[in-house]
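These notes are about the structure you will find just below.
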Amino acid sequence: MATMRAFEERMHIEFAGGGVPGFVHLYAGQEASAAGVCANLTDHDVLLNTHRAHGPAIARGADIFAVAKEIYCRGEGLCRGRGGSAHLHDTKNGLWAANSGVGSGVALGCGAALAARTRGTGGIAVALVGDGAVNQGVVSEGLNLASIWKLPLVVVVENNGYGEATAAGYAIAGGGIARRAEAFDMPGVQVDGSDYFAVFEAAAAAAERARRGKGPSLIEVEVTRFFGHFEGDAQTYRSRDEAERARRERDCLANFRRTVVAEGILDAGELDLVDTDVADLIDRVYAEAEAAPYPPDDELMEFIYADSL
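For reference, each letter of the sequence shown is one residue, going 52 to 360 in the working numbering.
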């Protein structure tokens, strides 16, 4: 979680300085969601990511140097500089199809889950979506199909309170996202996304159910994004006080630190050493990304057509 936070806070600074191309959607504040979910995944599992892709990619085990280079559109990036921030893809680490097609991860997750069952890998698929995605038809269609076929799929809705600039309380009927699971005959739970351990336990139960062949689950993780919907967002839809209060009261890293120190799992000195190591790592990651070469011109037409089906 510390690595995700430091990566995103540095990205915020670098983007403001004009060094990062394209749109960037930061994950800062939501780290416990990706960390708690990915801690339950094995090498056989698949994670379908969203356009707010950096944190989950790091949590899933993607090479952080290659992640940064991809965001900078460099030739040594995860997708050879072609995907950018919103389209991180790393099949060897079980990170599939981060994309900006809102809600599409649920449909792709159905396919990945069906493939895992057909091939007998024992793997599951986890689809991350945001609260703004749950009103997309493809999400309801995917939940229905997953339930009918009892696919090994876990749908994790990261509810940060806003679908871009539209408040979830305005746009989502029925008293909450997790309640929608009942219509599809699957478990649905709502957890506090500022509590790593709550997310971990909910994800563990859903993953275990999927592995036993009992079908899909829906987890609504209530999170807070510390920055705007995208970098450069004026955030006129929420007050400055709301954002500052979220940082004070719902910081998952601060909550994690308090819990593990209070329970004697780790001491403050050990956590300080982690922060020092992370700061050094982030300096190296960004220095290498900024110095990396762009893709050569003669690669321009590569990867447009598949060599075979």
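Where is the CB? At the ideal position from N, CA and C, for every residue including glycine.
Measuring alpha carbon to alpha carbon, tell me which of R263, R125, G80 and A86 ends up nearest I175. Residue nearest to I175 within the set R263, R125, G80 and A86 is R263 (criterion: CA-CA distance).
Flag this pair as yes or no: are the beta carbons of I270 and A249 separated by less than 7 angstroms? A249 sits away from I270, with the two beta carbons spaced by 7 angstroms or more.
>> Tell me the DSSP secondary structure of A305 in three-state form.
In response: When DSSP states are grouped into helix, strand and coil, A305 belongs to the helix group.
- Pull up the distance between the alpha-carbon of V240 and that of E350, whole angstroms please. Inter-residue distance for V240 and E350 is about 46 angstroms (C-alpha atoms, whole angstroms).
**Report entry** Selected residue, minimal CA-CA separation from A104, among G226, L304, F281 and D246
**Finding:** The residue from G226, L304, F281 and D246 with its alpha-carbon nearest to that of A104 is F281.
- Smallest Cα separation from E164: which of L202, M52, G135 and L129? The amino acid at residue 164 is misidentified as Glu; the sequence shows Ala. Across the set L202, M52, G135 and L129, the C-alpha of L202 shows the shortest separation from the C-alpha of A164.
Assuming N211 contacts G162 under a Cβ cut-off of 8 angstroms, what Cβ separation, rounded to an integer in Å, is found between them? No, N211 and G162 are not in contact; Cβ-Cβ is about 26 angstroms, not under 8 angstroms.
Whole angstroms are fine: how far does the CA of P346 sit from the CA of E353?
Straight-line Cα distance between these residues: approximately 11 angstroms.
Item to check | Neighbourhood of H140 by C-beta, 8 angstroms cutoff - its chain only, sequence neighbours within 5 removed | outcome: Same-chain partners within the cutoff: L129, C130, G134, L146, W147, A148 and A149.
- Query: When burial is assigned at 16 or more other CB atoms within 10 Å of the CB, is G220 buried or exposed?
  - Reply: Looking at its Cβ environment, which holds fewer than 16 other Cβ atoms inside 10 Å, G220 is exposed.
Subject >> Selected residue, minimal CA-CA separation from V189, among G173, A216 and L159 >> reply: Closest by alpha carbon: L159.
- Message: Can you find the residues in the same chain that come closer than 6 angstroms, C-beta to C-beta, to A113, ignoring five residues on each side of it along the sequence?
- Response: D141, N144 and L146, listed in sequence order.
Requested in this report: Mind checking who I270 pairs with in its DSSP beta bridge?
Outcome: For I270, which the question treats as bridged, DSSP gives the partners V207 and V240.
Please state if the CB of R125 and the CB of I333 are separated by a distance shorter than 7 angstroms. I333 places its beta carbon 7 angstroms or farther from that of R125.
Measure the alpha-carbon distance for R335 versus E82 and round it to whole angstroms. Cα to Cα, the separation comes out at about 21 angstroms.
Quick one: Cα of A229 to Cα of V242, how far? Going by the C-alpha atoms only, they are around 9 angstroms apart.
Quiz item: Just checking my contact of V274 with G80 at CB under 8 angstroms: how many whole Å lie between their CB atoms?
Solution: In this structure, V274 and G80 form a Cβ contact; the two beta carbons are roughly 7 angstroms apart against a cut-off of 8 angstroms.
Per DSSP, what are the beta-bridge partners of N97 in this structure?
The question names Asn, but residue 97 is Val in the sequence shown. When DSSP reads this structure, V97 sits in a beta bridge with A176.
### Message
For F235 and M55, what's the separation of their Cα atoms in angstroms?
### Response
Distance from the CA atom of F235 to the CA atom of M55, rounded to whole angstroms, is 33 angstroms.
- prompt: Between the beta-carbon of A178 and the beta-carbon of V157, is there less than 7 angstroms?
  reply: In this structure, A178 places its C-beta atom within 7 angstroms of the C-beta atom of V157.
Grab me the residues of I122's own chain with a C-beta within less than 6 angstroms of its C-beta, minus the 5 sequence neighbours each way, in chain order. Within the same chain, I122 has close Cβ partners S136.
*With G279 and M237 assumed to form a contact (beta carbons below 8 angstroms), what rounded beta-carbon distance in angstroms separates them?*
Contact annotation, G279 with M237: C-beta distance approximately 33 angstroms; criterion of less than 8 angstroms not satisfied.
Entirely enclosed beta strand (DSSP E) segments - the stretch 104-159, minimum 3 residues: For the stretch 104-159, not a single whole beta strand (DSSP E) run of length 3 or above is found.
* Mind checking who Y213 pairs with in its DSSP beta bridge? => Looking at the DSSP assignment, Y213 forms a beta bridge with A218.
So for G87, helix, strand or coil by DSSP? Note: G87 maps to helix in three-state DSSP.
### Message
Which residues does DSSP list as the beta-bridge partners of G320?
### Response
For G320, which the question treats as bridged, DSSP gives no partner whatsoever.
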